[in-house]
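>
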Amino acid sequence: MNVNILENETIDDLQLNNLQLIQKKTGFKFGVDAVLLSGFFQASKNAKVMDIGTGTGVIPVLLYGKNKGKDFTGIDIQEEMVEMAQRSALLNGIQERVCFVTCDVKQVKNMFHSESFDAIVTNPPYMKVGDGLLNPDMAKAVSRHEIACTIEDIVAASYYLLKEKGKLYMIHRPHRLPDIFIAMRKFKIEPKRMRFVYPDAQKEPNLVLLCGVKLGNQELRVEKPLFVYDKNNEYTQEIKDIYGFNL
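Residue 414 in the working numbering sits at position 149 of the sequence shown; the count goes up by one each step and never skips.
1. Would I287 and M376 qualify as a contact pair, given that the criterion is a beta-carbon distance under 7 Å?
2. Specify the secondary structure class of L327 as computed by DSSP and reduced to three states.
3. With 16 other CB atoms within 10 Å as the buried threshold, where does S379 fall?
4. Check whether the Cβ atoms of T387 and I447 sit closer than 7 Å, and answer yes or no.
5. Find out if the Cβ-Cβ distance for the pair F295, T321 is shorter than 7 Å.
6. Once the 5 residues before and after S303 are set aside, which same chain residues still bring their CB inside 7 Å of it?
7. Going by Cα to Cα distance, which pick from T367, E345, Q285 and D418 is closest to D353?
8. Less than 7 Å between CB atoms is the rule here; does K289 satisfy it with respect to chain D?
9. Per DSSP, which residues does K500 bridge with? Please list them.
10. Can L474 and R486 be called in contact, C-beta distance under 7 Å?
11. DSSP state of R523, grouped into three classes?
12. Can you tell me where the alpha helix (DSSP H) with K451 in it begins and where it stops?
13. When you compare the CB positions of L426 and F382, do they come within less than 7 Å of one another, or not?
14. Roughly how many angstroms lie between the CA atoms of T291 and E272, to the nearest whole one?
15. Are T338 and C364 closer than 7 Å when you measure CB to CB?
Encoded structure:
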């Protein structure tokens with residue numbers, strides 16, 4: 266299908282089942298976080314999945330390529346990003362199963378029915394407003410700082426959208442764990458799985474992968490560490506496996 270590509274955009278090969286993604290040449294681009302989250306995510310082949318704060322739309326496209334769900338909806342407050350993600354779906358011919366909607370996470374009740382999703386995935390802004398300098402590029406600023414939504418906003422929306430025993434998957438910074446746990450307990454999403462991501466074996470973790478279950482029992486399992494680089498400063502085999510191709 267012929268899809269309009271703007272002058273300031275590029276088409277990137279995801280190296281997964283011939284899937285491609287439209288991104289800005291100089292704007293926000295997806296990183297390893299999205300790939301790690303897609304690897305950590307688990308769902309049945311028939312699951313209905315939402316990505317909150319979808320940005321470029323990379324996570325729904327990756328989950329589609331990994332066959333982790335049936336129908337995928339990505340929402341984002343930035344209309345320009347949603348329009349670009351929609352064109353990525355058209356480019357790949359997957360628009361029947363992967364769709365994108367402009368939506369403020371604080372307004373999901375006005376656009377979606379309650380308990381209508383089996384799983385929610387999110388790669389939210391890591392920094393509170395006031396922590397560090399705001400990027401002058403608004404798309405980058407919204408993706409990095411909690412300008413448009415907070416952890417609590419995302420968890421509250423997830424409780425509304427998820428079916429009972431539905432799962433919330435998130436990647437974040439370890440220092441925000443207290444905020445995440447407080448929000449999850451407040452909205453009855455019980456943390457069940459947690460895995461720390463380390464740049465290498467000599468450094469402290471800089472990311473954490475989390476899975477919570479709506480109305481789940483209290484039992485948190487901390488999984489083995491995930492190391493990105495080995496002693497030769499090359500990707501570990503597990504990272505290569507998550508990407509799904511030989512790096």
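Note that the Cβ used here is the ideal one computed from N, Cα and C, for glycine as well.
The relevant details are as follows:
1. For this step, residue 287 is matched to residue 22 along the sequence shown. For this step, residue 376 is matched to residue 111 along the sequence shown. Cβ distance not < 7 Å, so I287 and M376 don't count as in contact.
2. In the sequence shown, residue 327 corresponds to position 62, counting from 1. Correct three-state label for L327: helix.
3. Here residue 379 corresponds to residue number 114 of the sequence shown, with the count starting at 1. Flag for S379 reads exposed.
4. Your numbering for residue 387 matches position 122 in the sequence shown. Your numbering for residue 447 matches position 182 in the sequence shown. Cβ atoms of T387 and I447: not closer than 7 Å.
5. For the purposes of this step, residue 295 is identified with residue 30 of the sequence shown, where counting begins at 1. For the purposes of this step, residue 321 is identified with residue 56 of the sequence shown, where counting begins at 1. Annotated as proximal: F295 and T321, with beta-carbon spacing under 7 Å.
6. Sequence index remark: in the sequence shown, residue 303 carries index 38 (1-based). Here the set comprises I324, L327, L328 and K331.
7. As a position in the sequence shown, residue 353 is number 88, starting the count at 1. Per the sequence shown, residue 353 should be read as Ser rather than Asp. Out of T367, E345, Q285 and D418, Q285 has the C-alpha closest to the C-alpha of S353.
8. Protein chains in the displayed structure number just one, and chain D is not present.
9. In the sequence shown, the residue the question calls residue 500 occupies position 235. The amino acid at residue 500 is misidentified as Lys; the sequence shows Tyr. Paired residue(s): Y494.
10. As a first step, residue 474 must be located in the sequence shown, where it is residue number 209. As a first step, residue 486 must be located in the sequence shown, where it is residue number 221. No, the Cβ-Cβ distance between L474 and R486 is not below 7 Å.
11. An answer regarding residue 523 cannot be provided, because it is not within the stretch 266 to 512 covered by the chain.
12. Sequence index remark: in the sequence shown, residue 451 carries index 186 (1-based). L442 to K451 is the extent of the alpha helix (DSSP H) around K451.
13. Position 161 of the sequence shown, counted from the start, is the residue given in the question as residue 426. Position 117 of the sequence shown, counted from the start, is the residue given in the question as residue 382. Against a cut-off of 7 Å, the Cβ pair of F382 and L426 comes out as a contact.
14. Position 26 of the sequence shown, counted from the first residue, corresponds to residue 291. Position 7 of the sequence shown, counted from the first residue, corresponds to residue 272. About 11 Å.
15. Position 73 of the sequence shown, counting from 1, holds the residue named residue 338. Position 99 of the sequence shown, counting from 1, holds the residue named residue 364. Contact: yes.
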